[in-house]
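For reference, the structure discussed in these notes is given below.
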């Protein structure tokens, strides 16, 4: 079913990017905004705008019930979250479903699964994707964790199950440092994410960071090649380029990411991230279940409008390839 009016639950560049695609598709663009954004270009260009003013400007885009109220009052049949804010919030997706409003992205269950690094690792490992040697369940006991680290072989990395953006990670070079590093990582994870669960993996030294752009319809998935994203500062990507891999490797890893997406019933745009070691071996890292900041790199390479494809899949249309 074609959408008539879509709420853009975001601001700035990505809001404008979505708005332009909606206009090209003949779909009305609605948008929420706070006082600070009332004169911004996306608000001025939208077909209808809703002033969702809050004392804390971030709540304009983070308060689930007020965003849903705006969508209902503006008569929207779908919501596009963009990236950030509520884009990976399973509670938001469930509330939209309860209200009969389509979320342009994956299901709440899939978001929950992929948002948990331990569960995501286990799911992708079961689908046949390569993972670094490590724990497949949360580690809380320092003795058990230390023994596992010895079996894996130092250096290891302790990661927060709910982590992201480089937060909640600790590299451990030797056994004498492990217990204090574990406590520190658990404390940071609890503070940042409200979840102190952590797990341990082999630390891949000097690894390159590669990500694959994926689109799924809930049953089948396709990929649009890779982006090289090793140029980072504090775990935040600065420059991405592509294509980067040879055709044989691209095909091999591309088949794996499609298999992984299909195994969890993924619907919408996603990026599957990998580390590549000095021997050329790949290790699954995580899945970003949303449109990516860097999606335009892949659009320039392939000529596809990824935002449009994500909307079409949400409408129930078939994959383009």
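Numbering (the numbering used here), first residue to last: -2 to 318. All C-beta atoms in this analysis are idealised placements derived from N, C-alpha and C, irrespective of residue type, glycine included.
In three-state terms, what does DSSP make of residue i?
| i | result |
| --- | --- |
| residue 322 | The structure shown does not extend to residue 322, since the chain spans only -2 to 318, so no value can be given for it. |
| residue 214 | strand |
| residue 15 | helix |
| residue 77 | strand |
| residue 1 | coil |
| residue 9 | helix |
| residue 109 | helix |
| residue 94 | helix |
| residue 171 | coil |
| residue 85 | coil |
| residue 22 | coil |
| residue 250 | helix |
| residue 257 | helix |
| residue 233 | strand |
Checking 7 Å against the spacing of the C-beta atoms, do residue i and residue j come in under that value?
| i | j | result |
| --- | --- | --- |
| residue 4 | residue 286 | no |
| residue 178 | residue 167 | yes |
| residue 142 | residue 149 | no |
| residue 226 | residue 206 | yes |
| residue 15 | residue 304 | yes |
| residue 26 | residue 36 | no |
| residue 193 | residue 186 | yes |
| residue 264 | residue 103 | yes |
| residue 34 | residue 17 | no |
| residue 268 | residue 223 | no |
| residue 133 | residue 145 | no |
| residue 107 | residue 261 | yes |
| residue 218 | residue 270 | no |
Assuming the contact rule is C-beta atoms closer than 8 Å, residue i and residue j should be a hit. Round their C-beta distance to whole Å, please.
| i | j | result |
| --- | --- | --- |
| residue 153 | residue 169 | 5 Å |
| residue 0 | residue 127 | Not quite, the Cβ-Cβ distance comes to about 38 Å (not below 8 Å), so this is no contact. |
| residue 257 | residue 52 | Between residue 52 and residue 257 the Cβ distance is about 42 Å, and since that is not below 8 Å, they are no contact. |
| residue 64 | residue 6 | 5 Å |
| residue 316 | residue 214 | 5 Å |
| residue 306 | residue 212 | 6 Å |
| residue 75 | residue 98 | 6 Å |
| residue 327 | residue 291 | Because the chain spans -2 through 318 in this model, residue 327 falls outside it and cannot be assessed. |
| residue 273 | residue 163 | At roughly 18 Å, the Cβ-Cβ gap does not stay under 8 Å, so residue 273 and residue 163 are not in contact. |
| residue 96 | residue 69 | 7 Å |
| residue -2 | residue 313 | 6 Å |
On the DSSP bridge list, what partners appear for residue i?
| i | result |
| --- | --- |
| residue 283 | 270 |
| residue 265 | 213 |
| residue 157 | 195 |
| residue 99 | 75 |
| residue 47 | 29 |
| residue 208 | 224 and 270 |
| residue 305 | Its beta-bridge partners do not exist; DSSP assigns none. |
Within the 7 Å Cβ cut-off, does residue i reach chain D?
| i | result |
| --- | --- |
| residue 52 | Included in the structure is just one protein chain, with no chain D present. |
Is it a yes or a no for the region 241 to 252 touching the region 75 to 92, going by three-plus beta-carbon pairs under 8 Å? no
Using 8 Å as the threshold, is the region 109 to 127 in touch with the region 294 to 309, meaning 3 or more CB pairs across them? no
Are the region 10 to 30 and the region 46 to 66 in contact at 8 Å, needing three or more beta carbon pairs? yes
I want to know whether the region 114 to 132 touches the region 185 to 203 - three or more CB-CB distances under 8 Å. yes
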